[in-house]
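Numbering (my numbering), first residue to last: 38 to 111.
Just below is one structure, and these are the notes that go with it.
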Amino acid sequence: MTVWIWDAATGATLQTLEGHSDWIKAVAFSPDGKQLASGSYDMTVRIWDAASGATLQTLEGHSDWIKAIAFSPD
């Protein structure tokens, strides 16, 4: 499954983030906007570099679908 990041002003696609194997149900930007987290029905959370689209980390071990996600400001 795929997460797209668009430029809200132009509608242009800025990044295409691929890696989850099931529906993505939650997405959040870090407070500084440099990272994006996505949570999926594949029971993983992926942390992405918003500028490059690179996967920084995949968090596994959840026992159920990821339906909500958030960053703490600290």
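Think of the CB as a built atom: it goes at the ideal place given N, C-alpha and C, for glycine as much as any other residue.
Tell me the DSSP secondary structure of residue i in three-state form.
i          : result
residue 65 : strand
residue 42 : strand
residue 70 : coil
residue 77 : strand
residue 92 : strand
With 16 other CB atoms within 10 Å as the buried threshold, where does residue i fall?
i          : result
residue 75 : buried
residue 44 : exposed
residue 51 : exposed
residue 77 : buried
residue 73 : buried
residue 54 : buried
Would you kindly report the start and end of the unbroken beta strand (DSSP E) that includes residue i?
i          : result
residue 55 : 50-55
residue 86 : 82-86
With three or more beta-carbon pairs closer than 8 Å as the criterion, would you say the region 83-92 touches the region 100-108?
Contact fails: fewer than three Cβ-Cβ distances are below 8 Å.
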